[in-house]
Amino acid sequence: MELQDTAAIITGGASGLGEASARRLAAAGARVALFDLAEERGRMVASDIGGLFCRCDVTDEASVEAALAAAAAAHGEARIAINCAGIATGQKTVNRRKESGAIVPHDLASFTRTVAINLIGTFNVASKAAARMVALPPRGEDGERGVIVMTASVAAEDGQIGQAAYAASKGGVASLTLPMARDLSRDGVRVMTILPGLFHTPMFDTLPPEVQVALGASVPFPSRLGKPAEYAALVQSICENPMLNGTTIRLDGALRMAPR
């Protein structure tokens, strides 16, 4: 997919992996729209890159449709959809209350919310973006119409203790990749998923420096936290390489997560 003057949407684009991807694609000439709930930060990033901010709740169909319409009105229909919106949660399947010793199951509302944002929200945006892509004229010798990149996690394959909800949601995204790519193959739309390992996103800034160093040291090589710019570089490569389709890529420095 040629990036110059191509419209792209990026969920979770106000920070972290989404922001890095937005800056990378914009620098390569794409017209970028950021979909996020963080309005102040999102507008600042959009202003920096000459893009558009659209307030969007990925779990809400009307919100996604409105954001896609606004992005299309400003930049034309998107041929690139990058899905980075998501949350991280931690809770064991069964928990013992310290104060009472009572044994309680995983909070169902927390599990449901995690799946709703990470999996259903990703599918909501990807499917609605794809419906617009397949109506576009094909490009190039392969007749490509679009590319969708989704974000899972290494937790999809080696989820840790306390990651039942998170790993299930990201595992769903990983499992969605091939059937969605097959669904869209006749229409020239590619689908790929990245499984990041430990990346230095805003979530890690809440951890003490020594904890960040220890987590980075657990990565075989390079022994550090990943940089959002490295995720963004892979996003660009996926967009530009037409043979990347229907699979997942671990971006993790050979990390395999221990049980805890």
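Position 160, counted from 1, in the sequence shown is what UniProt numbering calls 160; the numbers after and before it change by one each time, with no gaps. Every residue, glycine too, gets a C-beta built ideally from N, C-alpha and C. Only a predicted model underlies this, so the values are computations on that prediction, with no experimental measurement involved.
Counterpart residues of residue i in DSSP-defined beta bridges
| i | result |
| --- | --- |
| E40 | Note: E40 sits in no beta bridge, so no partner. |
| P105 | V94 |
| M150 | N83 and T193 |
| V32 | A8 |
| L52 | A33 |
| E144 | R139 |
| F221 | BP columns for F221 are empty, so no partner. |
| F199 | G226 |
Same chain, Cβ closer than 7 Å to residue i, five either side skipped, listed in chain order
| i | result |
| --- | --- |
| P137 | none |
| L225 | L198, F199, H200, F204, Q212, L215 and G216 |
| T88 | As written in the sequence, residue 88 is Ala, which differs from the Thr given in the question. Y166 and M203, listed in sequence order. |
| residue 277 | No statement about residue 277 is possible, as the shown extent of the chain runs from 1 to 260 and does not include it. |
| G162 | G90, Q91 and K92 |
| D5 | G29 and R31 |
| C239 | M1, L3, I80 and V147 |
| S175 | none |
| I49 | A22, R23, A26 and V32 |
| R41 | A14 and S15 |
Cβ neighbour criterion (16 or more within 10 Å) applied to residue i
| i | result |
| --- | --- |
| L108 | exposed |
| N124 | buried |
| R132 | buried |
| M243 | exposed |
| A126 | buried |
| V235 | buried |
| P220 | exposed |
| A69 | exposed |
| T247 | exposed |
| N241 | exposed |
| G140 | exposed |
| L184 | buried |
| P228 | buried |
| A258 | exposed |
| T206 | exposed |
| A27 | exposed |
| A102 | exposed |
| P179 | exposed |
| residue 264 | There is simply no residue 264 to check, as the chain begins at 1 and stops at 260 in what is shown. |
Residues near residue i in its chain [Cβ-Cβ closer than 6 Å; skip 5 each side]
| i | result |
| --- | --- |
| S169 | T114, V115, N118 and L119 |
| R55 | E39 |
| N95 | V104 |
Span of the beta strand (DSSP E), counted from its first residue to its last, around residue i
| i | result |
| --- | --- |
| T248 | T248 to L251 |
Endpoints, alpha helix (DSSP H) assigned at residue i
| i | result |
| --- | --- |
| S175 | A164 to L184 |
| H75 | E61 to H75 |
| V211 | P209 to A217 |
| Q236 | P228 to E240 |
| A131 | G121 to M133 |
| L17 | G16 to A27 |
| E99 | Neither: E99 is in no alpha helix (DSSP H) and is coded neither H nor E. |
| D158 | A155 to D158 |
8 Å Cβ shell around residue i - same chain, five flanking residues per side excluded
| i | result |
| --- | --- |
| A135 | E77 |
| S223 | G216, A217 and G253 |
| A164 | Q91, K92, T93, H106 and F111 |
| E65 | K128 |
| S237 | L244 |
Item to check | Inter-stretch contact (C-beta, 8 Å, three-pair minimum) for the region 183 to 190 and the region 141 to 149 | outcome: When C-beta atoms of the region 183 to 190 are compared with those of the region 141 to 149, three or more pairs fall below 8 Å, so the two segments count as touching.
Checklist entry - Within the chosen definition, does the region 150 to 159 reach the region 97 to 106 through at least 3 CB pairs nearer than 8 Å? => result no
Checklist entry - Quick check: the region 59 to 75 against the region 31 to 47, are there 3 or more CB pairs under 8 Å? => result yes
Checklist entry - Quick one: any contact between the region 5 to 23 and the region 40 to 53, if contact means 3 or more CB pairs under 8 Å? => result Cβ pair count under 8 Å is three or more, so yes.
Next on the checklist: If contact is defined by three or more beta carbon pairs under 8 Å, each pair taking one atom from either stretch, is the region 13 to 20 in contact with the region 77 to 88?
Outcome noted: Because the criterion of three Cβ pairs below 8 Å is met, the region 77 to 88 and the region 13 to 20 touch.
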